[in-house]
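Notes to accompany the following structure.
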Amino acid sequence: MLDLTAFDVLSPGSPGYEASPRAKLVVRCHSVADVVQVLAYAEATGARFVPRGGGHCFVDRCPVDGIVVDLSGMDRITVDDSGVATIGAGARLEAVYAALHQHGRTIPAGCGDTVGIAGLTLGGGIGLLGRQYGLTCDRLVGARAVLADRSVVECSEDSEPDLFWALRGAGGGQFGIVTELRFATVPEPSACRIEGHWAEPEPLVRAWQDWAPDAPDGITVNLSVQTGHATLFGASVLPSAETHDLLREFTARAGVRNATDIRPDVPYRFVKPTFAALDPPGENRRSRSEFFARPLSERTAADLLERLEGNRRLAFTAMGGAYRRVAEEATAFAHRGERFLLEEASDPDDPWVDEAWRTAHAEGSGRVYPNFPDLALEDPAAAYHAGNHPRLAALKKSYDPHRVFDFPQAL
Ligand SMILES: Cc1cc2nc3c(=O)[nH]c(=O)nc-3n(C[C@H](O)[C@H](O)[C@H](O)COP(=O)(O)OP(=O)(O)OC[C@H]3O[C@@H](n4cnc5c(N)ncnc54)[C@H](O)[C@@H]3O)c2cc1C
Numbered sequence: 007m008l009d010l011t012a013f014d015v016l017s018p019g020s021p022g023y024e025a026s027p028r029a030k031l032v033v034r035c036h037s038v039a040d041v042v043q044v045l046a047y048a049e050a051t052g053a054r055f056v057p058r059g060g061g062h063c064f065v066d067r068c069p070v071d072g073i074v075v076d077l078s079g080m081d082r083i084t085v086d087d088s089g090v091a092t093i094g095a096g097a098r099l100e101a102v103y104a105a106l107h108q109h110g111r112t113i114p115a116g117c118g119d120t121v122g123i124a125g126l127t128l129g130g131g132i133g134l135l136g137r138q139y140g141l142t143c144d145r146l147v148g149a150r151a152v153l154a155d156r157s158v159v160e161c162s163e164d165s166e167p168d169l170f171w172a173l174r175g176a177g178g179g180q181f182g183i184v185t186e187l188r189f190a191t192v193p194e195p196s197a198c199r200i201e202g203h204w205a206e207p208e209p210l211v212r213a214w215q216d217w218a219p220d221a222p223d224g225i226t227v228n229l230s231v232q233t234g235h236a237t238l239f240g241a242s243v244l245p246s247a248e249t250h251d252l253l254r255e256f257t258a259r260a261g262v263r264n265a266t267d268i269r270p271d272v273p274y275r276f277v278k279p280t281f282a283a284l285d286p287p288g289e290n291r292r293s294r295s296e297f298f299a300r301p302l303s304e305r306t307a308a309d310l311l312e313r314l315e316g317n318r319r320l321a322f323t324a325m326g327g328a329y330r331r332v333a334e335e336a337t338a339f340a341h342r343g344e345r346f347l348l349e350e351a352s353d354p355d356d357p358w359v360d361e362a363w364r365t366a367h368a369e370g371s372g373r374v375y376p377n378f379p380d381l382a383l384e385d386p387a388a389a390y391h392a393g394n395h396p397r398l399a400a401l402k403k404s405y406d407p408h409r410v411f412d413f414p415q416a417l
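Count along the sequence shown from 1, then add 6; that gives the number in the working numbering.
Next up, the structure:
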């Protein structure tokens, strides 16, 4: 039996442990060798395990009495002269944006500061720069991973290309434990911060669905709706005058006053964290979601809005732009042609989440973002991976024949 005393084992009550209450052990890894050793320990003891980056998965995937392979000790971030960033799988978004900013660089990534770069990238990665630069996984140029047989592989377009394909959109806990990710960064743009509030959601919901997914790539505005309140928020890397013109066009289309607050250009790193209060964390609420290839019919939109009350919220996220310009089979992320993502969120015990999801689902594309996992789906593999599922299932057999990475809703 391997001796775990040499490892950084988090004990119950220590920071980091609470995030996985079902775990028997939470082991913080500081190197690839640590990861290999923990997998050897798991095999020797017959324990199940789950990798953890930022720990924000909506579903607790840790088996009862399982081992959490926590990668937070591997969070180094470096940027080379060609702009390629090498990021440890335990890094979180706030640290990633800050480190890249030091080099005048960034990547299109998500909004939550504490979200892990690993989980985000391996499931896709949608963010305010995404319509301009694509998914986070579209900027991935290589990764290092420990496979089920404990071999360590480097993958890229030239090395283990099938694995590299699978990690870009379907890699969260499915094929191996990724220890390091390499990204082709982009120059950090200046961005305007956009925010607007209205008391009458209906015309905003209608106009947003027609306009936001087709807006120029450089502007992304999302819409969050609660009872009697619509909030528009986003960022634009377009010239300020053009941003003002576009927002005027949008509010005219909606037939509402142009109440949008547009803050002047600052480096993108300083825009993104200002939305934390508008886009509350996923914990302490339950949400379901689906992609939509067409606007909701007036009747369905009215049904959804009618039953909003209390903490119930509809969140519309714009797709289109650069997301759409990658072929669906080019990476494992299969939802390129969708117009928007709609999320229904409320208190964990509110039956409205399922009711509203069913109402909207009648007009949805049946596709679900793998990073918004949903245990209530009838056919999760088809919903998450659509036409890419057969190739992923074949790769699963070849990379993990004994289903060492065997989570609920695995491939
Ligand atoms: C507050 C908040 C804000 C969010 N904002 C956005 C957003 O703006 N855009 C967006 O696209 N998504 C967003 N999300 C969703 C987010 O992308 C997912 O929750 C994502 O899975 C989180 O990754 P993580 O590393 O933090 O979580 P974890 O729970 O650590 O990991 C998520 C999944 O990936 C697996 N995994 C983690 N690390 C590795 C690894 N190194 N190797 C292999 N598998 C691994 C885990 O086992 C798990 O199945 C947000 C979520 C929250 C809670």
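Glycine included, each C-beta is placed from N, C-alpha and C at the ideal position.
The Cβ-Cβ distance between ARG137 and ASP223 falls below 7 Å. Look at ILE200: its beta carbon is at least 6 Å from all of the heavy atoms in ligand 1. Taking the Cα positions, GLU335 is about 6 Å away from ASN394. DSSP places ALA338 outside both helix and strand once states are collapsed to three, so it counts as coil. Checking the 6 Å criterion, the Cβ of LEU187 is out of range of every heavy atom belonging to ligand 1. According to the DSSP assignment, PHE298 belongs to the beta strand (DSSP E) that extends over 292-298. Contact between the region 196-204 and the region 104-115 is absent: fewer than three C-beta pairs spanning the two stretches fall below 8 Å. Within the region 195-276, the beta strand (DSSP E) runs of at least 3 residues that lie entirely inside it are, in chain order, 196-204, 225-232, 235-242, 267-273.
For LEU320, the uninterrupted beta strand (DSSP E) segment begins and ends at 319-324.
Assignment of ILE73 by DSSP, reduced to helix, strand and coil, places it in the strand class. Bridge pairing for ASP360: absent [DSSP].
Within a 10 Å sphere around the beta-carbon of HIS408 sit fewer than 16 other beta-carbons, which makes this residue exposed. Put simply, the backbone Cα of SER242 is about 8 Å away from that of LEU135. Considering only PRO376, VAL15, ALA328, ALA213, the residue with the shortest C-alpha distance to GLN43 is VAL15. Contact between ALA190 and VAL147 is confirmed by a C-beta separation of about 5 Å, below the 8 Å threshold. Two segments are said to touch when three or more pairs of C-beta atoms, one from each, lie closer than 8 Å; by this definition the region 66-79 touches the region 45-53. With a beta-carbon spacing of about 31 Å, HIS203 and GLY125 fall beyond the 8 Å limit used to define contacts. Closer than 6 Å to some heavy atom of ligand 1: that does not describe the Cβ of VAL374. Listed in chain order, the non-local C-beta contacts of ALA236 below 6 Å within the same chain comprise TRP204, PRO207, LEU210, local neighbours out to five positions each way being set aside. In this structure, the C-beta of ARG58 approaches ligand 1 to less than 6 Å from one of its heavy atoms. Between the alpha carbons of THR280 and SER230 lies a gap of roughly 15 Å. CA-CA distance, CYS68 to PRO57, rounds to 9 Å. Note on the region 36-70: whole alpha helix (DSSP H) runs with a minimum of 4 residues are 38-51, in chain order.
Rounded to the nearest whole angstrom, the C-alpha separation of ASP267 and GLY178 is 37 Å. In the structure shown, ALA392 adopts helical secondary structure according to DSSP, grouped into three states. The beta carbon of HIS107 sits closer than 7 Å to those of GLU194, PRO273, ARG275, all from its chain and outside the five residues before and after it, given in chain order.
Bounds of the alpha helix (DSSP H) holding PHE170 are 167-176.
The beta carbon of PRO376 sits closer than 6 Å to the beta carbons of GLY129, TYR390 from its chain, once the five residues preceding and following it are set aside; these are given in chain order. With 16 or more other CB atoms across the displayed protein chains lying within 10 angstroms of its CB, GLY59 is buried. In terms of Cβ geometry, VAL359 and GLU350 form a close pair [threshold 7 Å]. As for any beta strand (DSSP E) of minimum length 3 sitting wholly inside the region 124-173, the runs are 146-153, 158-161, ordered along the chain. A distance below 6 Å between beta-carbons, with the five flanking residues on each side excluded, links ALA392 to the following residues of its chain, in chain order: ALA340, ARG373.
Rounded to the nearest whole angstrom, the CA to CA distance from VAL33 to THR185 is 14 Å. Judged by their CB atoms, THR142 and THR120 are not nearer to each other than the 7 Å cut-off. Take the alpha-carbon of SER303 and the one of GLY327: they are about 23 Å apart.
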